[in-house]
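The sequence shown begins at 10 in this note's numbering and counts up by one.
C-beta: ideal position from N, C-alpha, C; glycine also.
Have a look at the structure below before the remarks.
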Amino acid sequence: MAVFNPFQSFATIFYVNLLTKFKYLDDICLKLEDLAISISCYEFAQTKHIESKPNDDWIIEILVDDLAKEQLIKNTISLLELEEEVELLASGCVPETNWLDEVAKNISKIKAGRFTIDGIVKHHPSKYHLTIKAARAFGSGEHETTKLCLLGISYLCNKSRFTHILDLGSGSGILAMAASKLSNAEIWATDIDDVAVKTCIENINSNKIQSKINCFVSNGYKSSKFRGKKFDLIIANILARPLVSMSQNTYQHLQKGGFAIFSGIIRSQERMIINAHKKFGMKLIKTFRLGHWSMLIMQR
10 MAVFNPFQSF ATIFYVNLLT KFKYLDDICL KLEDLAISIS CYEFAQTKHI ESKPNDDWII
70 EILVDDLAKE QLIKNTISLL ELEEEVELLA SGCVPETNWL DEVAKNISKI KAGRFTIDGI
130 VKHHPSKYHL TIKAARAFGS GEHETTKLCL LGISYLCNKS RFTHILDLGS GSGILAMAAS
190 KLSNAEIWAT DIDDVAVKTC IENINSNKIQ SKINCFVSNG YKSSKFRGKK FDLIIANILA
250 RPLVSMSQNT YQHLQKGGFA IFSGIIRSQE RMIINAHKKF GMKLIKTFRL GHWSMLIMQR
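Below, the structure is given as structure tokens:
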């Protein structure tokens with residue numbers, strides 16, 4: 010069976026933009042997950058209140074590899090019986106862009122918990138400074154799920170000492186590097202994609218912490234290196250369905266009393282993730298939310 014690779018490059022990418030109410034976001038995004046390369050949501054117009062209200066107007070931007078999927082998106086909206094609540098704003102081809110240059114321009118200083126993240130290599134960085142170079146891998150500290158994970162890592166490292174940490178689906182390596190700043194643990198950073206692993210290694214070297222992090226390619230827990238290996242903290246900022254499908258493996262590779270940070274999920278997917286891991290005896294410790302994104306901390 011083919012494995013979805015979120016780092017795959019597409020010759021042409023198309024966008025489909027929908028306008029709907031905030032209260033429908035989770036249901037729509039969940040149903041469209043399998044059709045899209047990526048889905049992002051943002052407010053249509055600025056509001057005076059901080060917390061989004063059910064009837065606030067929001068845009069859902071869906072990136073697809075074939076514009077024919079626009080009809081499949083419409084069919085999905087119809088199945089949800091939301092035709093009257095969703096408006097197609099625009100669709101078309103995403104202009105070709107040098108994303109490395111764009112990311113380099115836009116990695117300004119980002120604050121996420123106690124961490125400061127930017128693209129500038131410093132000779133004498135502060136303890137919680139992280140340098141993320143522009144590259145074809147997820148994780149610059151800007152996305153809500155990455156910020157949630159950084160908060161979760163800070164929360165757990167304040168309460169516990171860890172000796173073996175896994176960053177599963179490490180992308181740029183930002184979470185593994187953050188863990189290295191707060192812990193003296195042996196850290197593994199793994200990803201299904203060799204481009205992501207190469208980027209991770211480059212970022213680790215730039216931050217001069219390579220001695221603490223072992224970065225390598227693995228499809229989930231399938232690498233032979235995982236045989237008999239257990240961790241007291243597993244960080245998995247991926248997607249809901251892979252989290253569910255790997256729940257038994259996560260349990261098996263987690264030490265008794267160990268913690269797992271799960272993110273890359275929206276609020277409506279929380280129960281699915283919790284139930285999948287509760288089945289093996291894990292319990293929910295804490296939930297963090299940012300916008301409509303969630304992060305769960307569970308313990309074996």
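What residue from the options has the CA that sits closest to residue i's CA?
i           : options            : result
residue 307 : 214, 225, 221, 158 : 158
residue 238 : 195, 123, 37       : 195
residue 180 : 199, 241, 163      : 199
residue 98  : 122, 270, 211, 27  : 27
residue 172 : 278, 305, 188      : 188
residue 33  : 73, 177, 95, 232   : 95
residue 203 : 197, 186, 224      : 224
residue 156 : 167, 177, 141, 124 : 124
residue 290 : 268, 35, 304       : 268
residue 24  : 66, 64, 73         : 73
residue 5   : 30, 182, 222, 309  : There is simply no residue 5 to check, as the chain begins at 10 and stops at 309 in what is shown.
Within the continuous alpha helix (DSSP H) that includes residue i, where are the two ends?
i           : result
residue 286 : 279 to 287
residue 35  : 34 to 41
residue 213 : 203 to 215
Tell me the residue span of the beta strand (DSSP E) that contains residue i.
i           : result
residue 199 : 195 to 200
residue 307 : 302 to 308
residue 48  : 47 to 52
residue 265 : 263 to 275
residue 183 : Not the beta strand (DSSP E): residue 183 falls in the alpha helix (DSSP H), residues 183 to 191.
residue 99  : 96 to 102
residue 218 : Residue 218 -> no beta strand (DSSP E), and no H or E assigned at all.
Based on the DSSP output, what are the partners of residue i in its beta bridges?
i           : result
residue 176 : 198, 244
residue 124 : 121
residue 292 : 308
residue 66  : 30
residue 171 : None, per the DSSP bridge assignment.
residue 138 : 125
Worksheet item: Does the segment 267 to 283 come close enough to the segment 236 to 255 to have 3 or more Cβ pairs within less than 8 angstroms?
Response: yes
Worksheet item: Quick check: the segment 211 to 229 against the segment 260 to 267, are there 3 or more CB pairs under 8 angstroms?
Response: no
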